[in-house]
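Note sheet for the following structure.
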Amino acid sequence: DTGVSQDPRHKITKRGQNVTFRCDPISEHNRLYWYRQTLGQGPEFLTYFQNEAQLEKSRLLSDRFSAERPKGSFSTLEIQRTEQGDSAMYLCASSLGDRNTEAFFGQGTRLTVV
Amino acid sequence: AQSVTQPDIHITVSEGASLELRCNYSYGATPYLFWYVQSPGQGLQLLLKYFSGDTLVQGIKGFEAEFKRSQSSFNLRKPSVHWSDAAEYFCAVGATSSGGYNKLIFGAGTRLAVHP
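Line order of the protein sequences matches chains B and E. Using our numbering, the first residue of the first sequence is number 5, and each one after it goes up by one. Using our numbering, the first residue of the second sequence is number -6, and each one after it goes up by one.
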């Protein structure tokens, strides 16, 4: 297993377009997390899944954002009608979900909205 | 609400010098604490974690951190810095729920530069 994989690594889109990112977690991990990181800041939590159930969503996740994990494996994060303020690094992480395990991060998708 | 403060935005040290990166957290109970490192354009790599037990924890790449409940701190240390340690370092606390933590709350990070 090569770790958490994110695709694409970079995305440039025009304002108003929709974009979708994919995350493939470590295979046996049942928890999957999405974070957003803007320049000069630490990652901010967006949402997380336990298997296919989305258990928590941050207030940062406006109604233009939607995340899915349909079969409890990979996840997608879609942003509709992108705005310049959506430009950021979107990080995915996964964990076993047990109380004493850490989250492993992917390399992120860098989104630039022009 | 849980929060993490990293007071130093940017630190520069000479190669071979010792290093201490500060982290203070706000949380009522025993926290889950983490240090992650991020190289430019990359994801985060876990350096070490504290869940319970011995308050001095050892991590990868020669790093260690000490949990001090009385000071609400979890400072990261390394006795001798290498040029390859130049990166951004993030302290994080796990926001707890029943049975563990369900998300991480990160500090703003400390950018480390290493002079030859």
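Backbone N, C-alpha and C fix where the C-beta goes; we use that ideal spot for every residue, glycine too.
{"Check": "C-alpha gap between B:Asp90 and B:Arg63, whole angstroms", "Outcome": "14 Å"}
{"Check": "Cβ-Cβ distance between E:Tyr82 and E:Thr103 below 8 Å", "Outcome": "yes"}
{"Check": "Closer than 7 Å at the beta carbon, the chain B residues around E:Gln35", "Outcome": "Gln111"}
{"Check": "Where the beta strand (DSSP E) through B:His33 begins and ends", "Outcome": "No beta strand (DSSP E) holds B:His33; DSSP gives it neither H nor E."}
{"Check": "Proximal residues of chain E, C-beta to C-beta of B:Ala107 below 7 Å", "Outcome": "Leu97"}
{"Check": "Reduced DSSP category for B:Gln58 - H, G, I as helix; E, B as strand; rest coil", "Outcome": "strand"}
{"Check": "Burial state of B:Val117 (16 or more Cβ within 10 Å)", "Outcome": "buried"}
{"Check": "C-beta contact flag for B:Lys15 and B:Leu100 at 8 Å", "Outcome": "no"}
{"Check": "Spatial distance of E:Gln(-5) from E:Ala88 (CA atoms)", "Outcome": "7 Å"}
{"Check": "Min CB distance E:Leu49 to chain B below 8 Å", "Outcome": "no"}
{"Check": "Status (buried if at least 16 other CB within 10 Å, exposed otherwise) for B:Ser98", "Outcome": "buried"}
{"Check": "Chain E residues whose Cβ lies nearer than 8 Å to that of B:Phe53", "Outcome": "Near B:Phe53 there are no residues of chain E at all, since even the closest Cβ is about 11 Å away, more than 8 Å."}
{"Check": "Any C-beta of chain E under 8 Å from that of B:Glu60", "Outcome": "yes"}
{"Check": "Cβ neighbour criterion (16 or more within 10 Å) applied to B:Leu95", "Outcome": "buried"}
{"Check": "For B:Glu72, the nearest candidate out of B:Gln21, B:Tyr37 and B:Phe49 (CA to CA)", "Outcome": "B:Tyr37"}
{"Check": "Bridge partners - E:Cys84, DSSP secondary structure assignment", "Outcome": "E:Trp28"}
{"Check": "Inter-residue Cα distance where the pair is E:Ala58 and E:Phe67", "Outcome": "6 Å"}
{"Check": "Cβ distance (whole Å) where B:Gly110 is taken to contact B:Ser31 below 8 Å", "Outcome": "Not confirmed; about 14 Å, so no contact."}
{"Check": "For B:Met93, the nearest candidate out of E:Leu41, E:Gly36 and E:Ser63 (CA to CA)", "Outcome": "E:Gly36"}
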